[in-house]
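A short worksheet on the structure shown next.
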Amino acid sequence: MHFNGLMDEITIHLTDREGELHDIEIPLDIDLNLMEVCKASDLDVDGTCGGMALCASCHMYVESDHELPEPSEDEEIMLDQVLFVEDNSRLGCQIKVTEDIHGLKVRLAHLGSE
Ligand code: FES
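Start counting the sequence shown at 6; every next residue gets the next number (our numbering).
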């Protein structure tokens, strides 16, 4: 979906680890990624590595059919090491907030220690 720069915020639909759904409005005028959005929304995402694709605390599943940029090699290497990985696994810190993800549905993955 693309709106030719007319939007100033988008909404995503995020299911947390307790199964609770959050509709989160995100302004587009700040450069954010989905790990940062989770932290700003007080969700249980540590973002331990600061968004370097090195900790997987932002592991989430993309449940809508939005076309996202392919994962980088670093992201793929990290995802290879996490538990509960699925075909739709991504690292939230590697998903940038743009108009293209308006309406995105994501679910936080369980972490290996749980
Ligand atoms: Fe560490 Fe995303 S915040 S991998």
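Glycine included, every Cβ here is placed at the ideal spot set by N, Cα and C.
Owing to the predicted nature of the structure, the values given are computational and were not obtained by experimental measurement.
**Asked** Roughly how far, in whole angstroms, is the beta-carbon of I106 from the beta-carbon of I15, given that I think they are within contact range, below 8 Å?
**Response** The sequence position of residue 106 within the sequence shown is 101, counting from 1. The sequence position of residue 15 within the sequence shown is 10, counting from 1. With a Cβ gap of about 7 Å, I106 and I15 count as contacting.
**Asked** Is it right to say G24 is buried, meaning 16 or more other beta carbons lie within 10 angstroms of its own, or is it exposed?
**Response** Position 19 of the sequence shown holds residue 24. Exposed: under 16 other Cβ atoms inside 10 Å.
**Request:** List the residues that DSSP assigns as beta-bridge partners of T53.
**Result:** The residue labelled residue 53 in the question sits at position 48 within the sequence shown. Paired residue(s): none; T53 is not in a bridge.
**Request:** Pull up the distance between the alpha-carbon of C98 and that of S46, whole angstroms please.
**Result:** Stepping through the sequence shown from its first residue, residue 98 is reached at position 93. Stepping through the sequence shown from its first residue, residue 46 is reached at position 41. About 14 Å.
**Asked** Counting pairs of Cβ atoms below 8 Å between the segment 77-84 and the segment 55-63, do you hit three or more?
**Response** yes
**Prompt:** Closer than 6 Å: is that where the CB of T96 sits relative to any heavy atom of ligand 1?
**Reply:** Locating residue 96 in the sequence shown gives position 91, where the first residue counts as 1. Position check: residue 96 holds Leu in this sequence, whereas Thr was assumed. Correct: L96 has its Cβ closer than 6 Å to ligand 1.
**Item:** Close beta carbons around E119, own chain, < 8 Å, minus the five adjacent residues each side
**Value:** By one-based count along the sequence shown, residue 119 stands at place 114. Here the model assigns E119 a pLDDT of 46, short of 50, so the residue's position is not dependable and the matter cannot be decided.
**M3 versus I31, Y66 and V111, residue with shortest Cα-Cα distance** = In the structure as shown, the chain starts at 6 and stops at 119, and residue 3 therefore has no counterpart that could be examined.
**Request:** Measure the Cβ-Cβ separation of K110 and S62 and say whether it is below 7 Å.
**Result:** Locating residue 110 in the sequence shown gives position 105, where the first residue counts as 1. Locating residue 62 in the sequence shown gives position 57, where the first residue counts as 1. No, Cβ-Cβ distance for K110 and S62 is not below 7 Å.
**Prompt:** If we count the other Cβ atoms within 10 Å of its Cβ and call it buried at 16 or more, is H115 buried or exposed?
**Reply:** Here residue 115 refers to the residue found at position 110 of the sequence shown. The residue in question, H115, is exposed, as its Cβ has fewer than 16 Cβ neighbours within 10 Å.
**Request:** Look up R112 in the DSSP assignment and say whether it is helix, strand or coil.
**Result:** Position 107 of the sequence shown, counted from the start, is the residue given in the question as residue 112. If DSSP states are grouped into helix, strand and coil, R112 belongs with the strands.
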